[in-house]
Amino acid sequence: LCKFTTIECVSLAQQVFSIVNHGHVFLCSFNESHAVEPFLSYDIVIYDFGLFHRLWGISECIANYLDGGYLRLAWCVSYLSTMLLLVLYLYMSDKRPPVYLMWPALAMQSTYSIGLLILTLSALPKLLRYVFVNIDRTVILLLTIFSSGVLINFIFTYILWHYFWFSEATLAQSCSKNHERLNPSRRRHQRV
1 LCKFTTIECV SLAQQVFSIV NHGHVFLCSF NESHAVEPFL SYDIVIYDFG
51 LFHRLWGISE CIANYLDGGY LRLAWCVSYL STMLLLVLYL YMSDKRPPVY
101 LMWPALAMQS TYSIGLLILT LSALPKLLRY VFVNIDRTVI LLLTIFSSGV
151 LINFIFTYIL WHYFWFSEAT LAQSCSKNHE RLNPSRRRHQ RV
C-alpha cells in the first residue's frame, strides 16, 4: 500500500510541479535535449522511464497523447483518495467497519491493473522484437523496470481482493453468530 501511495504522490507532485512552473498540466518530454525538467522526463504512474519512447518513438508521455495529462491528474487525485479511505478502513477494521468502504480502492486498483495490462499488450509486438531480434540492453533494462512495477501492481491487486473476501467472510460469519445468539428458539427448531 505504501509503495503505490508513494508512486501516486510522486506522480501528483509531477503534475503540480508542471502546473506551477510551466503552466501546463503535465509537460513531459522524453527528448533529453528538449526536456524542460529531468523530473518531468518520466511517467512514473505507468513505470515508464523511456521504454515507450524507445518502442514507439514518441517524444512525450503517453498521457500527453491521450488528453494532455488531465486524466492522469484526475487519476492521481482519485487513487490517493481511495487509498486514504482504504487506510481508514484498515485502521478501523478492529471495530468491524462496513466492507463497502473497500469498494472504491478495489475499483481503482483493479482499473489500474487492467490499464497496465492493456498497455503491456499494446506494446508486446515491439517488445518481443527488441528482446528477441534486435537485442537492446537499454530496452531490456527499461522493460525490467516496467515489468517489475506491473508485477508488483498485480500482486497488490491480488492481495487486496483476497483481503476483501476475507473481511466479507469474517463479517458474514460474525453476523450469523449474532443472529443465532439473538434467536435461540429458532436454532432449536432447526435441529429437530
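Take the sequence shown: its position 7, counted from the start at 1, is 7 in full-length UniProt numbering, and no numbers get skipped. We treat Cβ as the ideally placed atom computed from N, Cα and C, and that holds for glycine. Predicted model only: the values in this text are computed from it and were never measured.
Please list, in chain order, all residues of the same chain as residue i whose beta carbon is under 7 angstroms from its beta carbon, the five residues on each side excluded.
| i | result |
| --- | --- |
| P104 | T82, L85 |
| S110 | T157 |
| Y91 | none |
Report the CB separation of residue i from residue j in whole angstroms; it is logged as a contact under 8 angstroms.
| i | j | result |
| --- | --- | --- |
| S18 | S29 | Rounded, the Cβ-Cβ distance is 11 angstroms, inconsistent with contact. |
| R72 | F26 | 6 angstroms |
| S176 | V99 | Rounded, the Cβ-Cβ distance is 15 angstroms, inconsistent with contact. |
Return the first residue and the last residue of the alpha helix (DSSP H) that residue i is part of.
| i | result |
| --- | --- |
| S110 | 103–128 |
| A52 | For the sequence presented, residue 52 should be read as Phe rather than Ala. Counting along the chain, the alpha helix (DSSP H) containing F52 begins and ends at 51–56. |
| N64 | 62–67 |
| L85 | 70–92 |
Whose C-beta lies closer than 6 angstroms to the C-beta of residue i among residues of the same chain, with five residues either side of it excluded?
| i | result |
| --- | --- |
| C61 | C28, D43 |
| L12 | C76 |
By a C-beta neighbour count over all protein chains shown, 10 Å radius and 16 as the cutoff for buried, is residue i buried or exposed?
| i | result |
| --- | --- |
| M102 | buried |
| L160 | buried |
| S174 | exposed |
| V192 | Summary for V192: the model assigns pLDDT 49, below 50, so the residue's position carries little reliability, and this model does not support an answer. |
| I7 | buried |
Cutting at 8 angstroms between CB atoms, please list the residues of its own chain near residue i, excluding the five before and the five after it.
| i | result |
| --- | --- |
| Y65 | I58 |
| L143 | L51, L127, Y130, V131 |
| A107 | T82 |
| R96 | L171, S174 |
| S78 | M108 |
If you draw a straight line from the alpha carbon of residue i to that of residue j, how long is it in whole angstroms?
| i | j | result |
| --- | --- | --- |
| R137 | V45 | 23 angstroms |
| residue 200 | V150 | Because the chain in this structure spans residues 1 to 192, residue 200 falls outside the shown range and cannot be described. |
| D48 | S148 | 11 angstroms |
| W165 | F154 | 17 angstroms |
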